[in-house]
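Chemist:
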Amino acid sequence: MKDPNFFEKVFDVVRLIPPGRITSYGAIANFLGTKGSSRMVGWAMHAASSAIPPIPAHRVVNSAGLLTGKVHFGTPTLMEELLKSEGILVKDDKVQNFKKHFWDPSVEIGG
DNA sequence: TTTTTGACGATTC
DNA sequence: AGAATCGCCAAAA
Numbered sequence: 002m003k004d005p006n007f008f009e010k011v012f013d014v015v016r017l018i019p020p021g022r023i024t025s026y027g028a029i030a031n032f033l034g035t036k037g038s039s040r041m042v043g044w045a046m047h048a049a050s051s052a053i054p055p056i057p058a059h060r061v062v063n064s065a066g067l068l069t070g071k072v073h074f075g076t077p078t079l080m081e082e083l084l085k086s087e088g089i090l091v092k093d094d095k096v097q098n099f100k101k102h103f104w105d106p107s108v109e110i111g112g
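The first sequence maps to residues 2 to 112 in our numbering.
1. Could you check what DSSP says for Lys36 in three-state terms: helix, strand or coil?
2. Give the straight-line distance between the Cα atoms of Lys85 and Gly34, rounded to the nearest whole angstrom.
3. Distance, Cα to Cα, Gly70 vs Phe12?
4. Going by DSSP, which residues form a beta bridge with Phe103?
5. Where DSSP assigns a beta bridge to Leu84, which residues make up the other side?
6. Roughly how many angstroms separate the alpha carbons of Pro20 and Gly37, rounded to a whole number?
7. At the level of alpha carbons, what is the spacing between Ala49 and Thr76?
8. Pairs of beta-carbons, one from the segment 91 to 99 and one from the segment 50 to 57, closer than 8 angstroms: are there three or more?
9. In or out: Lys100 buried (at least 16 other Cβ within 10 Å) or exposed?
10. Is the beta carbon of Phe103 less than 8 angstroms from the beta carbon of Ile23?
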C-alpha cells in the first residue's frame, strides 16, 4: 500500500483526535465522504496496527460509545485504561459522557 | 477477477 | 423496548 487514499485519510483524522477526546467511526466516515460506510473506518483500523506513526485507535469508538475494538489492543482492558488515562470515564467497556468527549472531525477540521 | 469479510449504523419486526 | 437484519463500500485471499 503506497497511497491508500481511504486508509490514509482515516489515519490522518484519527491522529488528529486530541487527547481526552473521542469520536465515532460514523463521524470519521462521514468526514471522509464515505458516510454510511462506517465499517470501512473500522476496517481501516486493522491496517492502523501497521500504520506509522501509530494510530490512537483507542479514541475511536462506535456510535454507542462502546469499546468494540478493545480486543485489538493486546489486552482487553488496554483500550479502557488508555481512555481513562486521558480523563475519559469508561464503564463496562462503554465510554461515559460520550457526547461530552465527542470530537467531530467535520467540525474541528472541516470547519 | 470474484468472493468473503469486517473495530458500524440505521431500520425494521 | 429489545433483537435481528439489511445496507455501506473497500481491501484481502
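The beta carbon of each residue, even a glycine, is placed where N, CA and C say it ideally should be. None of the values given here were measured: they were computed from a predicted structure.
Modeler: In this structure, then:
1. Locating residue 36 in the first sequence gives position 35, counting from the first residue. Here Lys36 sits in coil by DSSP.
2. Counting from one through the first sequence, the residue named residue 85 turns up at place 84. Counting from one through the first sequence, the residue named residue 34 turns up at place 33. When the Cα atoms are used, Lys85 and Gly34 turn out to be separated by approximately 30 angstroms.
3. Residue mapping note: residue 70 aligns to position 69 of the first sequence, counting from 1. Residue mapping note: residue 12 aligns to position 11 of the first sequence, counting from 1. Straight-line Cα distance between these residues: approximately 16 angstroms.
4. Locating residue 103 in the first sequence gives position 102, where the first residue counts as 1. Its beta-bridge partners are Ile23.
5. Your numbering for residue 84 matches position 83 in the first sequence. None, per the DSSP bridge assignment.
6. Position 19 of the first sequence holds residue 20. Position 36 of the first sequence holds residue 37. Rounded to the nearest whole angstrom, the C-alpha separation of Pro20 and Gly37 is 26 angstroms.
7. On the first sequence, position 48 is the one that residue 49 refers to. On the first sequence, position 75 is the one that residue 76 refers to. Using only the alpha carbons, I get a separation of about 17 angstroms.
8. With the cut-off at 8 angstroms, the segment 91 to 99 and the segment 50 to 57 do not touch.
9. Here residue 100 refers to the residue found at position 99 when the first sequence is read from its first residue. Burial call: exposed.
10. Translated into positions along the first sequence, residue 103 becomes position 102. Translated into positions along the first sequence, residue 23 becomes position 22. Yes.
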